[in-house]
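Protein chains in written order, with the working numbering: chain A, 5 to 160; chain B, 5 to 160; chain C, 5 to 160.
Ideal placement from N, C-alpha and C gives every residue a C-beta, glycine not left out.
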Amino acid sequence: MTAEAKQACADLLAEYAYLIDADRLEDWLDLFVEESTYQIVPRENYVRGLPLQLMLCENKNMLRDRVVSLRQANIYNIHVDRHLVSSVRYLGEESGVHSVGANYAVFQTDQDGQSRLFSVGEYIDSIVVEDGAFKFKDKLVIADTSSIPTLLATPL
Amino acid sequence: MTAEAKQACADLLAEYAYLIDADRLEDWLDLFVEESTYQIVPRENYVRGLPLQLMLCENKNMLRDRVVSLRQANIYNIHVDRHLVSSVRYLGEESGVHSVGANYAVFQTDQDGQSRLFSVGEYIDSIVVEDGAFKFKDKLVIADTSSIPTLLATPL
Amino acid sequence: MTAEAKQACADLLAEYAYLIDADRLEDWLDLFVEESTYQIVPRENYVRGLPLQLMLCENKNMLRDRVVSLRQANIYNIHVDRHLVSSVRYLGEESGVHSVGANYAVFQTDQDGQSRLFSVGEYIDSIVVEDGAFKFKDKLVIADTSSIPTLLATPL
């Protein structure tokens, strides 16, 4: 049972990365339940308990708005994302909420075909089952990289 | 059953990366069936449907030839490859052909011990079972990185 | 059985990476048995059979000492580590010792929030079960990157 839940959580994270990289952000929204939060926090702020965030969506509608605005912003910042996500650490389940952690690295490739490291950090996620599918309830991205070289246009 | 097939595909990709990194390209050939294809395509060409490829082997003999010529070319481009492959997305099985996707990053280290990002991109693979072993039928490498800084000597 | 052992080894490597990245090196020590070895060797020395190592701990007490001295050294080299570990290659079990291999990339982020590639290489590990927990008996880190840009303060 735990092994299956763990695998399902790992598959969700792989799908999350895939849909961002494929620029299918509208489908990516389907990985979140309505009452979900999505945050990107620089690691130093997270450690110090500072409230400053790079992105904060307190429900799925805010996340939808974000995707709409990304569709406009991306006209000026065309790149391809590529995620590598480490093997998922399954931290347990309580009242139907699965807790997992993982490391990520995101590489970006510009229109000249040059790739570079964009951001590394950590995911801390709460995952629930809705209509038989594992989905994000709360996704927290703690970015080690706070010196973002370009506009933070896409989610991490 | 699906879980086992998925794991076997993931193991094949791990072995694929390992054998390239260990410079055991002759053993690496064993991971492909005779009637196999191996392609490396820059992502922009793939998206636009352009035929230009960085590498195209339409059967295993072409891949064998490639390895032979690599053994000569590598005299002039000595480096160590290091692959990181993301967790494998298992897309299903049809008529004995398993479809999987994964992300990769390849780092290269030169003779001075300096490492740098060489290529990131995506694998889209068709995998079959031959004599009880999972092997590549078609391997498509879509490289985000099209601005390859050195001779593309080894497979990705 | 093999699938479970493989998963347990993979979990151990994920925990290993997590505890370094979280700077919980005292807890990280718990992943090793008393009679354990920990070595970091530049790849070229490993290949040539040269004895020079970047780090050599021949038992857990030496590793404990190392952690103590790291707590002092890190005052002058403050950074955050971030590991990405590839899927683990399970090589088999003999007399209770499990052998696994994996690739790693370590990124470091400095106090200005700038991240960069720090080291890539390979793990070759011997893992045993002690009191029901999988732990490292011998951990060998073969670093492709031998030109370490800063003091090698933390384990890889």
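Check the C-beta distance from ALA109 of chain A over to PHE111 of chain C and give it rounded, since I have them as a contact under 8 Å.
Taking the first residue of the first sequence as 1, we reach residue 109 of chain A at position 105. Taking the first residue of the third sequence as 1, we reach residue 111 of chain C at position 107. Contact holds; Cβ gap of about 6 Å.
Within 10 angstroms of its Cβ, does SER73 of chain C collect 16 or more other Cβ (buried), or is it exposed?
Against the third sequence, residue 73 of chain C aligns to sequence position 69. Result: exposed.
Helix, strand or coil for ASN49 of chain B, going by three-state DSSP, please let me know.
Position 45 of the second sequence, counted from the first residue, corresponds to residue 49 of chain B. ASN49 of chain B falls in the helix class under three-state DSSP.
Quick one: grab the DSSP three-state call for ILE24 of chain A.
Working through the first sequence from its first residue, we reach residue 24 of chain A at position 20. Residue state, collapsed to three classes: helix.
Select from the stretch 39-59 of chain C all residues with a C-beta closer than 8 Å to any C-beta belonging to chain B, and list them in chain order.
PRO46, ARG47 and GLU48
Taking Cβ positions, are GLY100 of chain A and VAL133 of chain A nearer each other than 8 Å?
Start at 1 with the first residue of the first sequence, and residue 100 of chain A comes out as number 96. Start at 1 with the first residue of the first sequence, and residue 133 of chain A comes out as number 129. Yes; because the gap between Cβ atoms is below 8 Å, this pair is in contact.
Answer with yes or no whether the minimum CB distance from LEU121 of chain A to chain C is below 8 Å.
For this step, residue 121 of chain A is matched to residue 117 along the first sequence. Yes, LEU121 of chain A lies at the interface with chain C (some Cβ there is under 8 Å from its Cβ).
Within 10 Å of its beta-carbon, does ARG86 of chain A have 16 or more other beta-carbons around it, so buried, or fewer, so exposed?
Numbered from 1 along the first sequence, position 82 holds the residue referred to as residue 86 of chain A. Buried, because 16 or more other Cβ atoms sit within 10 Å of the Cβ of ARG86 of chain A.
Beta-carbon separation (whole angstroms), TYR22 of chain C vs ARG93 of chain A, contact threshold 8 Å
Numbered from 1 along the third sequence, position 18 holds the residue referred to as residue 22 of chain C. Numbered from 1 along the first sequence, position 89 holds the residue referred to as residue 93 of chain A. With a Cβ gap of about 6 Å, TYR22 of chain C and ARG93 of chain A count as contacting.
Closest Cβ-Cβ distance between ASP116 of chain A and chain B: below 8 Å?
As a position in the first sequence, residue 116 of chain A is number 112, starting the count at 1. ASP116 of chain A counts as touching chain B.
Would you check if the distance between the CB atom of SER119 of chain B and the CB atom of LEU160 of chain B is smaller than 8 Å?
Your numbering for residue 119 of chain B matches position 115 in the second sequence. Your numbering for residue 160 of chain B matches position 156 in the second sequence. Their beta carbons are not under 8 Å apart, which means SER119 of chain B does not touch LEU160 of chain B by this criterion.
For PHE140 of chain C, the nearest candidate out of C:GLY125, C:SER103 and C:THR158 (CA to CA):
Mapped onto the third sequence, residue 140 of chain C falls at position 136. PHE140 of chain C has its Cα closest to that of C:SER103, out of C:GLY125, C:SER103 and C:THR158.
Identity of the residues DSSP links to GLN112 of chain B by a beta bridge
Counted from its first residue, the second sequence places residue 112 of chain B at position 108. According to DSSP, which records beta bridges pairwise, GLN112 of chain B is partnered with B:ASP85 and B:ARG120.
For ILE128 of chain A, tell me which candidate among A:ALA14, A:VAL84 and A:SER150 has the shortest Cα-Cα distance.
Taking the first sequence and counting its residues from 1, one reaches residue 128 of chain A at position 124. Out of A:ALA14, A:VAL84 and A:SER150, A:ALA14 has the C-alpha closest to the C-alpha of ILE128 of chain A.
Endpoints, the alpha helix (DSSP H) within which ASP31 of chain C is located
Counting from 1 along the third sequence, the entry for residue 31 of chain C is found at position 27. Run containing ASP31 of chain C: 29-32, per the alpha helix (DSSP H) assignment.
For HIS102 of chain C and chain A, any beta-carbon pair shorter than 8 Å?
Numbered from its first residue, the third sequence carries residue 102 of chain C at position 98. Cβ-Cβ to chain A under 8 Å: no for HIS102 of chain C.
Apply the 10 Å Cβ neighbour rule to SER90 of chain A and answer buried if 16 or more other Cβ atoms are within range, or exposed otherwise.
On the first sequence, residue 90 of chain A is found 86 positions in, with the first residue counted as 1. Buried, by the Cβ-count rule.
Since I believe GLU98 of chain B is in contact with ALA9 of chain B (beta carbons under 8 Å), could you give me their beta-carbon distance rounded to a whole number of angstroms?
Residue mapping note: residue 9 of chain B aligns to position 5 of the second sequence, counting from 1. Residue mapping note: residue 98 of chain B aligns to position 94 of the second sequence, counting from 1. About 12 Å; that fails the 8 Å criterion.
8 Å Cβ shell around ALA18 of chain B - same chain, five flanking residues per side excluded
Counted from its first residue, the second sequence places residue 18 of chain B at position 14. Excluding positions up to five away in sequence, the list reads VAL89.
Test item: CB-CB of GLN43 of chain A and LEU121 of chain A under 8 Å
As a first step, residue 43 of chain A must be located in the first sequence, where it is residue number 39. As a first step, residue 121 of chain A must be located in the first sequence, where it is residue number 117. Result no, Cβ atoms of GLN43 of chain A and LEU121 of chain A do not sit closer than 8 Å.
Do LEU16 of chain B and ARG68 of chain B have their CB atoms nearer than 8 Å?
Here residue 16 of chain B is taken as the residue at index 12 of the second sequence, counted from 1. Here residue 68 of chain B is taken as the residue at index 64 of the second sequence, counted from 1. No, the Cβ-Cβ distance between LEU16 of chain B and ARG68 of chain B is not below 8 Å.
Sort C:GLU126, C:CYS61, C:VAL84 and C:ALA147 by Cα distance to ALA26 of chain C and report the nearest one.
In the third sequence, counting from the first residue as 1, residue 26 of chain C sits at position 22. With distances taken between Cα atoms, ALA26 of chain C lies closest to C:VAL84.
Classify ALA137 of chain A: buried if its beta carbon has 16 or more other beta carbons within 10 angstroms, exposed otherwise.
Indexing the first sequence from 1 puts residue 137 of chain A at position 133. Exposed: under 16 other Cβ atoms inside 10 Å.
Min CB distance ALA109 of chain A to chain C below 8 Å
Taking the first residue of the first sequence as position 1, residue 109 of chain A is located at position 105. Judged by the 8 Å Cβ criterion, ALA109 of chain A is in contact with chain C.
Pick from B:ASP142, B:ILE82, B:ASP148 and B:ASN107: whose alpha carbon is nearest that of GLY117 of chain B?
The sequence position of residue 117 of chain B within the second sequence is 113, counting from 1. Looking at the Cα atoms, B:ILE82 is the closest of the given residues.
Supposed contact pair SER40 of chain A and ASP142 of chain A - C-beta distance, whole angstroms, cut 8 Å:
By 1-based counting over the first sequence, the position of residue 142 of chain A is 138. By 1-based counting over the first sequence, the position of residue 40 of chain A is 36. At roughly 6 Å, the Cβ-Cβ gap stays under 8 Å, so ASP142 of chain A and SER40 of chain A are in contact.
At the level of alpha carbons, what is the spacing between ILE24 of chain C and ALA147 of chain B?
Looking up residue 24 of chain C in the third sequence gives position 20. Looking up residue 147 of chain B in the second sequence gives position 143. Their Cα atoms are separated by approximately 31 Å.
Could you give the distance in angstroms between the alpha-carbon of ARG52 of chain B and the alpha-carbon of ARG70 of chain A?
Counting from one through the second sequence, the residue named residue 52 of chain B turns up at place 48. Counting from one through the first sequence, the residue named residue 70 of chain A turns up at place 66. Spanning the two alpha carbons is a distance of roughly 28 Å.
By how many angstroms is the C-alpha of ASP31 of chain A removed from the C-alpha of PRO55 of chain C?
Translated into the one-based positions of the third sequence, residue 55 of chain C becomes position 51. Translated into the one-based positions of the first sequence, residue 31 of chain A becomes position 27. Spanning the two alpha carbons is a distance of roughly 53 Å.
Under a three-way DSSP split, which group does GLN11 of chain C fall into?
Translated into positions along the third sequence, residue 11 of chain C becomes position 7. It is helical.
I'd like to check one pair, LEU58 of chain A with VAL45 of chain A: are the Cβ atoms closer than 8 Å?
Along the first sequence, read from residue 1 onward, the residue named residue 45 of chain A stands at position 41. Along the first sequence, read from residue 1 onward, the residue named residue 58 of chain A stands at position 54. Result yes, Cβ atoms of VAL45 of chain A and LEU58 of chain A sit closer than 8 Å.
Shorter than 8 Å from the beta carbon of ARG68 of chain A to some beta carbon of chain C?
Mapped onto the first sequence, residue 68 of chain A falls at position 64. Chain C, which has no Cβ nearer than 8 Å to the Cβ of ARG68 of chain A, makes this no.
Based on the DSSP secondary-structure assignment, which residues constitute the bridge partners of ALA106 of chain B?
Residue 106 of chain B sits at position 102 when you count from the first residue of the second sequence. In the DSSP output, where bridge partners are listed per residue, ALA106 of chain B has B:TYR127.
In whole angstroms, what separates the C-alpha of ASP114 of chain C from that of GLU126 of chain A?
What you label residue 114 of chain C is simply residue 110 of the third sequence in a count that begins at 1. What you label residue 126 of chain A is simply residue 122 of the first sequence in a count that begins at 1. If I take the Cα positions, the gap works out to 16 Å.
According to a CB-to-CB cut-off of less than 9 Å, which residues of the stretch 133-151 of chain A neighbour chain C?
ALA147, ASP148, THR149, SER150 and SER151
Chain-ordered chain A contacts of ARG93 of chain B [CB-CB under 8 Å]
The count along the second sequence starts at 1 and reaches residue 93 of chain B at position 89. Within 8 Å Cβ-Cβ: ASP15, ALA18, GLU19 and TYR22.
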